[in-house]
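Undergrad:
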Amino acid sequence: MNFELSQEHKQWQAAVHDFVAREIKPKAREVDERSEFNWEAARKGAALGLLGMHIPEAYGGAELDTLSIVLAVEEMGWGCGSTALSIGAHSALGCAPVALFGSEELKQKYLPVAAGGKSKLAALALTEPGAGSDLGGGVQTRAVRDGDSWVINGNKMWCTNASIADFIVTLVRTGERHSLILVPTDTPGLSIGPAEKKMGLHGSPTHAVSYQDVRVPAGNLLGEEGKGLAYTFATLDGGRVGIGALSVGLARAALEEAIKYAKQRKTFGQPIANHQAIQWMLADAETQLSAARLLVWQAAWNKDNGKPFAKQAAMAKLFATEVAETICRNAIQIHGGYGYSSEFPVELIYRDARLMTIGEGTSEIMRMVIARHVIEE
Numbered sequence: 001m002n003f004e005l006s007q008e009h010k011q012w013q014a015a016v017h018d019f020v021a022r023e024i025k026p027k028a029r030e031v032d033e034r035s036e037f038n039w040e041a042a043r044k045g046a047a048l049g050l051l052g053m054h055i056p057e058a059y060g061g062a063e064l065d066t067l068s069i070v071l072a073v074e075e076m077g078w079g080c081g082s083t084a085l086s087i088g089a090h091s092a093l094g095c096a097p098v099a100l101f102g103s104e105e106l107k108q109k110y111l112p113v114a115a116g117g118k119s120k121l122a123a124l125a126l127t128e129p130g131a132g133s134d135l136g137g138g139v140q141t142r143a144v145r146d147g148d149s150w151v152i153n154g155n156k157m158w159c160t161n162a163s164i165a166d167f168i169v170t171l172v173r174t175g176e177r178h179s180l181i182l183v184p185t186d187t188p189g190l191s192i193g194p195a196e197k198k199m200g201l202h203g204s205p206t207h208a209v210s211y212q213d214v215r216v217p218a219g220n221l222l223g224e225e226g227k228g229l230a231y232t233f234a235t236l237d238g239g240r241v242g243i244g245a246l247s248v249g250l251a252r253a254a255l256e257e258a259i260k261y262a263k264q265r266k267t268f269g270q271p272i273a274n275h276q277a278i279q280w281m282l283a284d285a286e287t288q289l290s291a292a293r294l295l296v297w298q299a300a301w302n303k304d305n306g307k308p309f310a311k312q313a314a315m316a317k318l319f320a321t322e323v324a325e326t327i328c329r330n331a332i333q334i335h336g337g338y339g340y341s342s343e344f345p346v347e348l349i350y351r352d353a354r355l356m357t358i359g360e361g362t363s364e365i366m367r368m369v370i371a372r373h374v375i376e377e
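Quick note on numbering: the sequence shown equals residues 1 to 377 in the numbering used here.
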């Protein structure tokens, strides 16, 4: 057993860290206040491989192993939750299912553009007004075969990247079962609602999407008809590892800010870092952060080595997201009143971290997934 990163992984981690420190982290507050995606960082990040992490080299991607992906996502999360979420969703949720299940024609047409950074991003539309955690029973968006086309009608909610995407992979009902269909965002009948007003992650746009007689070629079906739910869960398993890594990055950023402030702020004639109450919070945070990272790495290792990883992904997602919320909350507490002010970064980090226990499977659903695996093993 070796917990040391390989030299190649260390070099990749350092390269992404340097990029994030230069292009992403300094603009995090501006991204939040202007509610605008950091396109400049995305374009430049494409040259590093950040837009093609899940895309094979044959289609212009970086074709990274899962450990390399989580290393990159942690660094991006450390820099800016919004930028990390949109790039992560683009790669893990929008591009990955096309790379895994799409036809050769779809891969050739869409993946090189998605990886290249010269156009827009990709998105995945799952949630509906009556279907959040219950995708199996709640999805009402339907696609009907009409000659050489699929005609789609329905409504989706909480679609990350919808307004900045070239295509949206959409979960639909085809008959009694589910399928995934790639829908270009310029298709007639597809309309994207205004950006949702959210607590945090303002620079990662989230929208409702409406499909009214949206007609796409029959070849836009990903994989086999009727297997969309299985494809979706496979996609989400990988995405959950990424959300765990993003949460580790957010927590790490909050902890760094808390340590820095605790060393500078003085009360009763000494830095508050000398007070046991503060030290215990910092000690707990460091311990929780390290444990969360190890769970994320274990899930990534399992996936890279062809081992079952759904349970590990759920555990990593559950623990890392809940730990991130705790660490961010305590970072604000250490800052006192200043932590509640936008003058310091911790309030922004906390607002961004709050989604992590909800998106891509709530903590409650993660516990159900884990329990099911434990009982069946």
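C-beta atoms are modelled at their ideal positions from N, C-alpha and C, and glycine is treated no differently. For clarity, every value in this text was computed on a predicted model and none was experimentally measured.
Is G154 helix, strand or coil when you go by DSSP?
TA: strand
Undergrad: Quick one, which of E36, M1, G337 and A122 has its alpha-carbon nearest L201's?
TA: When only C-alpha atoms are compared, the closest one is E36.
Undergrad: Per DSSP, what kind of secondary structure is R240 in: helix, strand or coil?
TA: Residue state, collapsed to three classes: helix.
Undergrad: In this structure, how does DSSP classify F384 when only helix, strand and coil are distinguished?
TA: Here the chain comprises residues numbered 1 to 377, so residue 384 is not present and cannot be evaluated.
Undergrad: Answer with buried or exposed for P205, where buried requires no fewer than 16 other C-beta atoms within 10 angstroms of its C-beta.
TA: buried
Undergrad: Just to confirm, are N302 and Q312 a CB contact at a threshold of 8 Å?
TA: yes
Undergrad: Applying the 10 Å Cβ sphere with the 16-neighbour rule, what's the burial state of Q140?
TA: Under a 10 Å Cβ-count criterion, Q140 is classified as exposed, with fewer than 16 other Cβ atoms of the shown protein chains found around its own Cβ.
Undergrad: Which whole-angstrom value is the C-beta distance of N155 and E128, which I expect to be below 8 Å?
TA: With 8 Å as the limit, N155 and E128 qualify as a contact, their Cβ atoms being about 6 Å apart.
Undergrad: DSSP three-state call for V374: helix, strand or coil?
TA: helix
Undergrad: Just mark F101 as buried or exposed, buried being the case when its beta carbon has 16 or more other beta carbons within 10 Å.
TA: buried
Undergrad: Keeping to the same chain, check which residues put their C-beta closer than 7 Å to that of I24; ignore five residues upstream and five downstream.
TA: N38, A41, M76, G79, C80 and T83
Undergrad: Are the segment 365-377 and the segment 315-329 in contact at 8 Å, needing three or more beta carbon pairs?
TA: yes
Undergrad: Could you give the DSSP three-state label for A131: helix, strand or coil?
TA: strand
Undergrad: Do the segment 108-121 and the segment 218-238 meet, that is, are 3 or more Cβ pairs less than 8 Å apart?
TA: Segments in contact, no.
Undergrad: I want to know whether the segment 25-33 touches the segment 50-68 - three or more CB-CB distances under 8 Å.
TA: Cβ pair count under 8 Å is below three, so no.
Undergrad: Starting from the C-beta of E286, find all residues in its chain whose C-beta is less than 8 Å away, skip the five residues before and the five after it, and write them out in chain order.
TA: L255
Undergrad: Tell me, to the nearest whole angstrom, how far the beta carbon of P271 is from that of K263; I am working on the premise that it is less than 8 Å.
TA: 5 Å
Undergrad: Would you mind sorting S6 into buried or exposed? The rule is 16 or more other CB atoms within 10 Å of its CB.
TA: exposed
Undergrad: How would you write the range of the alpha helix (DSSP H) that T206 sits in, first residue to last?
TA: It is not in any alpha helix (DSSP H) - T206 instead sits in the beta strand (DSSP E) that spans T206 to P217.
Undergrad: Candidates V248, A131 and T185: which alpha carbon is nearest K120's?
TA: Ranking V248, A131 and T185 by Cα distance to K120 puts T185 first.
Undergrad: Between V144 and F167, is the Cβ-Cβ spacing less than 8 Å?
TA: Taking 8 Å as the Cβ cut-off, V144 and F167 do not qualify as a contacting pair.
Undergrad: For A299, which residues of its own chain have a beta-carbon under 6 Å away from its beta-carbon, when the five flanking residues on both sides are left out?
TA: V241, F309, Q312, A313 and A316
Undergrad: How long is the line joining the alpha carbons of T232 and A99, rounded to whole angstroms?
TA: 13 Å
Undergrad: Which one of I375, I358, A283 and E343 has the shortest CA to CA distance from N330?
TA: A283
Undergrad: Checking the sheet assignment: what are the DSSP bridge partners for T174?
TA: R177
Undergrad: Helix, strand or coil for V369 per DSSP?
TA: helix
Undergrad: Does the Cβ of S133 have 16 or more other Cβ atoms within 10 Å, making it buried, or fewer, making it exposed?
TA: exposed
Undergrad: Check each candidate in L67, A46, E57 and I332 and name the one with the smallest Cα separation from G238.
TA: Restricting attention to L67, A46, E57 and I332, the CA atom closest to the CA of G238 is found in L67.
Undergrad: Quick one, are the C-beta atoms of M157 and S247 less than 8 Å apart?
TA: No, they are not a contact pair.
Undergrad: If L250 and A324 are in contact, beta carbons under 8 Å, what's the gap, nearest whole angstrom?
TA: 5 Å
Undergrad: Considering only DSSP beta bridges, list what K227 is partnered with.
TA: Note: K227 sits in a beta bridge opposite H178.
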